[in-house]
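Chemist: The structure is given below, and queries will be raised subsequently.
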Ligand code: AHR
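In our numbering, the protein residues as written are 1057 to 1376.
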């Protein structure tokens, strides 16, 4: 009898190659961060759907934004002896011990949409976008749009310590580097939520002469941008005109805002991380095919020129 488990160690892996063609993941644990954004909701919907389509029993755990809950969930999955674990890690650090426990139990772990600072040996693969590139594209779009005009930019960061907050900040700074007309004057976390995006934008507006001193907003996700758009309107200014708005995710609501002229650009992050993750897992469990350490999803820029209402119609029923 061959075990369902697949080790990350080379010895056992080699011995399994001979006999494992019929061994597929049946039970997979999924530790989701929470439901902070429309994008996160879509990722959850798609992961549940992808698991169902493949006949996988998905054990879903919502961590409500807390790393300690994710660590508990992983330990519970390990105790239950799942075949594999998917995790969207809320922050980048603090995962070594629990990932070592999963490795010890011979349970492959796949990271979804965010990265960790741990050794690459502790997970099978990571599925995600190039987060630095996303920020860079947003910065370059702004530079092009301004065509040399002076511009003070405020930034709404994602969750502190998360890989998208770190990388999207760096990427944006790279995108505007060397363009002295573009100045980042304020930057604060809005925790990837609409409510905090609105709250922090209100404080930016107050601190900057009611917003007269702000020319653009860069938000690490669309939900914070949507909250900020509301704050800008309440301050008596026109988002999209008085203050340009560029963000990341491409959720349906930002296309409605774009169609209304209240947002200017977004960089798409696909919520279908589970498809490539389950494909990689199936190949690994079937014949030991080791996936690349990083499976990159595509990112693309959308602007008002892309018929935002048509994109909204395509996306509105996809679980966002
Ligand atoms: O890790 C991906 C980010 O997390 C998305 O951009 C954001 O909306 C989410 O909550």
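Think of the CB as a built atom: it goes at the ideal place given N, C-alpha and C, for glycine as much as any other residue.
Using only the alpha-carbon positions, how far apart do residue 1356 and residue 1311 sit?
Modeler: Whole-angstrom Cα-Cα distance: 14 Å.
Chemist: Ignoring anything shorter than 4 residues or poking outside the stretch 1276-1316, list the alpha helix (DSSP H) runs there in chain order.
Modeler: The stretch 1276-1316 contains these whole alpha helix (DSSP H) runs: 1278-1290, 1308-1315.
Chemist: Nearest to residue 1374 by CA position, among 1287, 1309, 1336, 1337, is which residue?
Modeler: For the residues 1287, 1309, 1336, 1337, the minimum Cα distance to residue 1374 belongs to 1309.
Chemist: Taking 8 Å as the cut-off, does the stretch 1165-1175 touch the stretch 1137-1157 (at least 3 CB pairs, one atom from each stretch)?
Modeler: With the cut-off at 8 Å, the stretch 1137-1157 and the stretch 1165-1175 touch.
Chemist: What does the Cβ neighbour count give for residue 1317, buried or exposed, with the cut at 16 atoms within 10 Å?
Modeler: Classification of residue 1317: exposed, given that the 10 Å Cβ count is below 16.
Chemist: Near residue 1209, which residues of its chain fall below 8 Å by C-beta distance, leaving aside the five closest residues on each side in sequence?
Modeler: Within the same chain, residue 1209 has close Cβ partners 1198, 1232, 1238, 1239, 1240, 1241, 1270, 1271, 1272, 1273, 1274.
Chemist: Does any heavy atom of the ligand AHR sit closer than 7 Å to the C-beta of residue 1320?
Modeler: Outside the cutoff, so no.
Chemist: According to DSSP, is residue 1082 helix, strand or coil?
Modeler: It is coil, neither helix nor strand.
Chemist: Taking the alpha-carbon of residue 1146 as reference, which of 1104, 1127, 1132, 1133 has the nearest alpha-carbon?
Modeler: Ranking the options by Cα distance to residue 1146, first place goes to 1127.
Chemist: Mind listing which residues have their beta carbon within less than 5 Å of any non-hydrogen atom of the ligand AHR? Chain order is fine.
Modeler: Selection output, chain order preserved: 1092, 1093, 1095, 1096, 1169, 1170, 1220, 1248, 1277, 1305.
Chemist: Taking all protein chains shown into account, do 16 or more other C-beta atoms lie within 10 angstroms of the C-beta of residue 1257, making it buried, or fewer, making it exposed?
Modeler: Flag for residue 1257 reads buried.
Chemist: Tell me, please, which residues DSSP counts as bridged to residue 1240.
Modeler: Residue 1240 pairs with 1209.
Chemist: Indicate whether residue 1277 and residue 1303 have their beta-carbon atoms separated by less than 8 Å.
Modeler: The answer is yes: Cβ separation under 8 Å.
Chemist: Terminal residues of the continuous alpha helix (DSSP H) containing residue 1358?
Modeler: From DSSP, residue 1358 is part of no alpha helix (DSSP H) but of the beta strand (DSSP E) over 1357-1359.
Chemist: Quick one: Cα of residue 1088 to Cα of residue 1339, how far?
Modeler: Whole-angstrom Cα-Cα distance: 23 Å.
Chemist: Could you tell me which whole alpha helix (DSSP H) segments of length 4 or greater appear in the stretch 1142-1193?
Modeler: Qualifying alpha helix (DSSP H) stretches, in chain order: 1152-1160.
Chemist: When the Cα of residue 1094 is compared with those of 1321, 1279, 1134, 1213, which residue comes out closest?
Modeler: It is 1279 whose Cα lies nearest to the Cα of residue 1094.
Chemist: Going straight from the alpha carbon of residue 1078 to that of residue 1115, what length do you get?
Modeler: Note that residue 1078 scores 41 on pLDDT, short of 50, meaning its location in the model is unreliable; the coordinates nonetheless yield the value given after this. Going by the C-alpha atoms only, they are around 22 Å apart.
Chemist: Among 1292, 1142, 1161, which one has its Cα closest to the Cα of residue 1171?
Modeler: Residue 1171 has its Cα closest to that of 1142, out of 1292, 1142, 1161.
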